[in-house]
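Q: In order, the protein sequence lines correspond to chains V and G. 1 is the number of the first residue of the first sequence in the numbering used here; add one for each residue after it. 1001 is the number of the first residue of the second sequence in the numbering used here; add one for each residue after it. Take this structure, written in structure tokens, and hold onto it; I'll ask about it next.
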Amino acid sequence: MQKTEQVQYNRAGQRVVSPDYLLFEAPREKQFMTGSEVVKEAVKRASVDASVSYPITPQSEAAHLIGELWVEGYVGVYFRGESEFGVMSEVAGCSMAGGRTITTTSGPGTLRAMENFPMWAGSRLPLQLVLMARGVNSPLTIQPDNLEISFLLDTGCMIWHAENAQELFDMILAGFAVAEQPDVHVPVITAIDGFFISHTREAVMLPPDDIALPPYNPYKSPMPPIDMEMAPGRFLRDPYVMKSNYISYASHTSWQFEVRSAIERSRPYAKRYLKGLIEEFGNPEAEVVFIASGTAGAQAKEAAIMLSEDEGIPTRVIRLKTLRPFPGEEILQAIRNAKYIFIPEFNVIGWLEREVRRVLYGKTNVPVVGSPRVAGGMTMPPEVIVKEVLQTLGKEVKHVV
Amino acid sequence: MATLGPSGYSPYPVAVYEGVLTPPPGKAVLFNEVVDEEIAMREAAKAMLTRENPTIFPGPQVLYSWNEEAKEKAKLVRRIAETLGAKIIPMYDYRPKYPKIDPEKEINPNHPNLTIWHNKIKACIFVGVHCHYANVALKIIRAETDCFTIALCGNAGHEDAMITLRDQHTEELEKFIRVAEEVKKELGK
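Right, here's the structure in full:
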């Protein structure tokens, strides 16, 4: 008897394919797009049930374009929330009801919504936030800066940091595939450096738009989805969990460890769908090593090429794709030949330097240089990074910025 | 599950912090080792047959789900209990109960230790419990009791159980019954 395969279609009439096929096997065609347009293209292929938006620069255009997908029938529910706090609460409701849900925000909007992020994680919601980072005020900044990522690091959400529009596209699709694993099932924040990625146009390779991810199956959730019997957040009414006069510290402790455990369980899935938690670039034997994420990773690569070709200094870049889970073991393995570690960042506090130092503490004596560091909208030309390295190594600085 | 003991500043041991993750498809985890499913089934049956007051904690996915698989699984859970000579104490559907849950008769995922202490349970099986609640309960049981925990999970498994089997559906539960019957004979029970 001939074996027949049942072809499935989603609500938009797109053929349902596996995440592996969509990410790695489907033919791709070159397009020239902004990061915001790429968000639309990813959401279009993600069988998304719900999205809620609120305008804030630089993510407004991406949110608007998801609205167009709703008009075109690719997204089930779409509306504008009352504020970022409203949006992040409303998407939680959509996710609790069993819908695949995505939203976007930036800068101060992230902080306005802050209470919701640990609530998402504690409620085990596999929803996705595309964060187009821009820094926080005061003073008001509408320029590239990724300070707000620091505030999100310990919310219990997975955090991935894309280097360019292509990686953002792939991360949005992979994000759902990883976050919805029953043993993971925590939110994923796919971050980019706003403006650099959201507003600039670059070549991206996209699979056809008549195929899409399989719809989300809420019945594999580690908590029961809400229905007529189960009100939203029903567990919150359990006095053993929520009421201070009955509180069980054991429950709270175990619950919070469980959320963090879920992030750790995402490692093998993230490794598979992102092809590793880190990218290694340059000379594997190099003694000068950059550790960076996002756009700083791209700039570090440019600097590594200049140092190698113009100065004869072999260098290596370890670019982190995930911040939660943090690829500590991968970093320790990758810096085995390092004599100097440089951490270029687009924020004033150096959150990545802090994270890296935590992992290296007691394991190596290699000096860590938390520089160059720019903020508030400053750019970081590769020449600035080259200068920092040459100065630290006591060499003549020939490049002029 | 890895070694018993505190994790960092917390009195709660957490297996992933000790490098133990859920097993890959087709495999199981026995303490901190990835093993074949059958080896884990044999050890699980042995623990239930040799320790005091073995008990099965069936959860809402077996007790209350309105689907054919749940019905079949519920019947198989009863057969497992008969084979292993185990008691059945249900895990209620996570709904708050007033004035309180009777821990002798029902297990609360937020206070599983009360049921285990009261009934002096030395080996137990979690089946049909939603993964989050199973994980919360298993961490507390590891920290607060000397009960040997086994998780028969329909999804990816639970690394905080001492033995975890993943993707356990009707076919796998039937296999577990066959293995348990063999182990029982070997032990002369």
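For each residue, glycine too, the CB sits at the ideal point set by N, CA and C.
Is it buried or exposed for Y1012(G), if we count other Cβ within 10 angstroms and need 16 for buried?
A: Here the question's residue 1012(G) lines up with position 12 in the second sequence. Classification for Y1012(G): buried.
Q: Looking only at its own chain, which residues have a Cβ that is under 6 Å from the Cβ of A1002(G), when we skip the five neighbours before and after it?
A: Numbered from 1 along the second sequence, position 2 holds the residue referred to as residue 1002(G). Unreliable positioning characterises A1002(G) in this predicted model, as indicated by a pLDDT of 45, which lies under 50. The coordinate reading is nonetheless provided below. Within the same chain, A1002(G) has close Cβ partners A1015, E1018, V1020, N1032.
Q: Return the CA-CA distance between I1189(G) and A262(V), expressed in angstroms with no decimal places.
A: Walking along the second sequence from the start, residue 1189(G) turns up at place 189. Walking along the first sequence from the start, residue 262(V) turns up at place 262. Note that residue 1189(G) is Lys in the sequence shown, not Ile. Distance between the alpha carbons of K1189(G) and A262(V) is about 40 Å.
Q: Looking at Q59(V): is its Cβ nearer than 8 Å to the Cβ of M114(V)?
A: Reading the first sequence from its first residue, position 59 is the one you call residue 59(V). Reading the first sequence from its first residue, position 114 is the one you call residue 114(V). No, Cβ-Cβ distance for Q59(V) and M114(V) is not below 8 Å.
Q: So that I know if they touch, is there some Cβ in chain V lying closer than 8 Å to that of P1060(G)?
A: Counting from one through the second sequence, the residue named residue 1060(G) turns up at place 60. Yes, because at least one Cβ of chain V sits closer than 8 Å to the Cβ of P1060(G).
Q: So, helix, strand or coil for E287(V), using DSSP?
A: Translated into positions along the first sequence, residue 287(V) becomes position 287. Correct three-state label for E287(V): coil.
Q: On the premise that G98(V) lies in contact with P19(V), defined as a C-beta separation below 8 Å, what is that separation, rounded to the nearest angstrom?
A: Within the first sequence, residue 19(V) is the residue found at index 19, counting from 1. Within the first sequence, residue 98(V) is the residue found at index 98, counting from 1. That belief does not hold up - the Cβ atoms of P19(V) and G98(V) are roughly 19 Å apart, past 8 Å.
Q: With 7 Å as the limit, tell me which residues of the region 1013-1047 of chain G have their beta carbon closer than that to any beta carbon of chain V; keep them in chain order.
A: Cβ contacts with chain V: V1014, V1016, L1021, T1022.
Q: Enumerated in chain order, which unbroken segments of the alpha helix (DSSP H) with a length of 4 residues or greater are wholly contained in the region 295-342 of chain V?
A: Entirely contained in the region 295-342 of chain V, the alpha helix (DSSP H) runs reaching 4 residues are, in chain order, 295-311, 328-334.
Q: In its own chain, which residues sit with a C-beta less than 8 Å from the C-beta of R1178(G), not counting the 5 before and 5 after it?
A: Position 178 of the second sequence, counted from the start, is the residue given in the question as residue 1178(G). Excluding sequence neighbours, R1178(G) sits near nothing in its chain.
Q: Compare the Cα-Cα distances from N217(V) to each of L125(V), S371(V), R15(V), V384(V) and report the closest residue.
A: Your numbering for residue 217(V) matches position 217 in the first sequence. Looking at the Cα atoms, L125(V) is the closest of the given residues.
Q: How many angstroms separate the CA atom of D209(V) from the CA atom of V130(V)?
A: The residue labelled residue 209(V) in the question sits at position 209 within the first sequence. The residue labelled residue 130(V) in the question sits at position 130 within the first sequence. If I take the Cα positions, the gap works out to 20 Å.
Q: For K1075(G), go through chain V and note every residue whose CB falls closer than 7 Å to its CB, in chain order.
A: Looking up residue 1075(G) in the second sequence gives position 75. The contacting residues do not exist; K1075(G) stays about 21 Å from chain V at best.
Q: Is there a C-beta anywhere in chain V that falls below 8 Å from the one on H1111(G)?
A: Counting from 1 along the second sequence, the entry for residue 1111(G) is found at position 111. Closer than 8 Å to some Cβ of chain V, the Cβ of H1111(G) qualifies, so yes.
Q: Does D154(V) come within less than 8 Å of chain G when only Cβ atoms are used?
A: Taking the first residue of the first sequence as 1, we reach residue 154(V) at position 154. By this cut-off, D154(V) is not an interface position.
Q: Let's test the definition: count the other Cβ atoms within 10 Å of the Cβ of W1066(G) and tell me whether it reaches 16, buried, or not, exposed.
A: If you number the second sequence from 1, residue 1066(G) lands on position 66. Classification of W1066(G): exposed, given that the 10 Å Cβ count is below 16.
Q: Give me the DSSP bridge partner(s) of I197(V).
A: Reading the first sequence from its first residue, position 197 is the one you call residue 197(V). According to DSSP, I197(V) bridges with nothing at all.
Q: Please identify the residue among V188(V), M205(V), Q166(V) whose C-alpha is closest to the C-alpha of F196(V).
A: Here residue 196(V) refers to the residue found at position 196 of the first sequence. The option with the nearest alpha carbon to F196(V) is Q166(V).
Q: In chain G, which residues lie with their C-beta within 9 Å of the C-beta of Q181(V)?
A: Within the first sequence, the letter at position 181 stands for residue 181(V). Within 9 Å Cβ-Cβ: N1155, A1156.
Q: Exposed or buried, what is S138(V) when buried is set at 16 or more other beta-carbons lying within 10 Å of its beta-carbon?
A: Taking the first residue of the first sequence as 1, we reach residue 138(V) at position 138. Result: exposed.
Q: Going by DSSP, which residues form a beta bridge with Y9(V)?
A: Taking the first residue of the first sequence as 1, we reach residue 9(V) at position 9. Paired residue(s): R15(V).
Q: Which residues, taken in chain order from the region 1128-1145 of chain G, show a beta carbon closer than 9 Å to some beta carbon of chain V?
A: Answer in chain order: H1130, C1131, H1132, Y1133, A1134, N1135, V1136, A1137, L1138, K1139, I1140, A1143, E1144.
Q: Which residues in chain G sit within 7 Å of M223(V), going by Cβ to Cβ distance?
A: Numbered from its first residue, the first sequence carries residue 223(V) at position 223. Near M223(V) (Cβ distances below 7 Å), the residues of chain G are H1130, H1132.
Q: Just the chain G side, please: which residues come within less than 7 Å of W255(V) by C-beta, in chain order?
A: The residue you call residue 255(V) lines up with position 255 of the first sequence. Going along chain G in sequence order, the residues near W255(V) (Cβ under 7 Å) are V1136.
Q: Looking at I1150(G): is its Cβ nearer than 8 Å to the Cβ of C1124(G)?
A: For the purposes of this step, residue 1150(G) is taken as the residue at position 150 of the second sequence. For the purposes of this step, residue 1124(G) is taken as the residue at position 124 of the second sequence. Result yes, Cβ atoms of I1150(G) and C1124(G) sit closer than 8 Å.
Q: Tell me the rounded alpha-carbon separation between Q14(V) and I211(V).
A: For the purposes of this step, residue 14(V) is taken as residue 14 along the first sequence, with counting starting at 1. For the purposes of this step, residue 211(V) is taken as residue 211 along the first sequence, with counting starting at 1. Cα to Cα, the separation comes out at about 5 Å.
Q: Could you have a look at A1180(G) and say whether DSSP puts it in helix, strand or coil?
A: One-based indexing of the second sequence puts residue 1180(G) at position 180. In the structure shown, A1180(G) sits in a helix (DSSP, three-state: H, G or I).
Q: Is P1023(G) buried or exposed, if buried means 16 or more other CB atoms sit within 10 Å of its CB?
A: Mapped onto the second sequence, residue 1023(G) falls at position 23. It counts as buried.
Q: Buried or exposed: which applies to K1100(G), given that a residue is buried once 16 or more other Cβ atoms fall within 10 Å of its Cβ?
A: As a position in the second sequence, residue 1100(G) is number 100, starting the count at 1. Counting Cβ neighbours within 10 Å, K1100(G) comes out exposed, since fewer than 16 surround it.
Q: Which residues in chain G sit within 8 Å of E264(V), going by Cβ to Cβ distance?
A: Start at 1 with the first residue of the first sequence, and residue 264(V) comes out as number 264. Near E264(V) (Cβ distances below 8 Å), the residues of chain G are V1016, Y1017, L1021.
Q: Among all the DSSP beta bridges, which residues are the ones paired with S293(V)?
A: Along the first sequence, read from residue 1 onward, the residue named residue 293(V) stands at position 293. The partner list for S293(V) (beta bridge, DSSP) reads L320(V).
Q: Please report the straight-line C-alpha distance between G370(V) and T295(V), rounded to a whole angstrom.
A: On the first sequence, residue 370(V) is found 370 positions in, with the first residue counted as 1. On the first sequence, residue 295(V) is found 295 positions in, with the first residue counted as 1. If I take the Cα positions, the gap works out to 16 Å.
Q: What do you get for F24(V), buried or exposed, if any count of 16 or more other CB atoms within 10 angstroms of its CB means buried?
A: As a working note, residue 24(V) is residue 24 in the first sequence. Looking at its Cβ environment, which holds fewer than 16 other Cβ atoms inside 10 Å, F24(V) is exposed.
Q: Determine the extent of the alpha helix (DSSP H) in which P344(V) is found, giving its start and end residues.
A: Residue 344(V) sits at position 344 when you count from the first residue of the first sequence. Careful: P344(V) lies outside any alpha helix (DSSP H) and carries neither H nor E.
Q: G350(V) to I149(V), Cα distance in whole Å?
A: Counting from 1 along the first sequence, the entry for residue 350(V) is found at position 350. Counting from 1 along the first sequence, the entry for residue 149(V) is found at position 149. Spanning the two alpha carbons is a distance of roughly 11 Å.
Q: Are Y340(V) and E383(V) closer than 8 Å when you measure CB to CB?
A: On the first sequence, position 340 is the one that residue 340(V) refers to. On the first sequence, position 383 is the one that residue 383(V) refers to. No, the Cβ-Cβ distance between Y340(V) and E383(V) is not below 8 Å.
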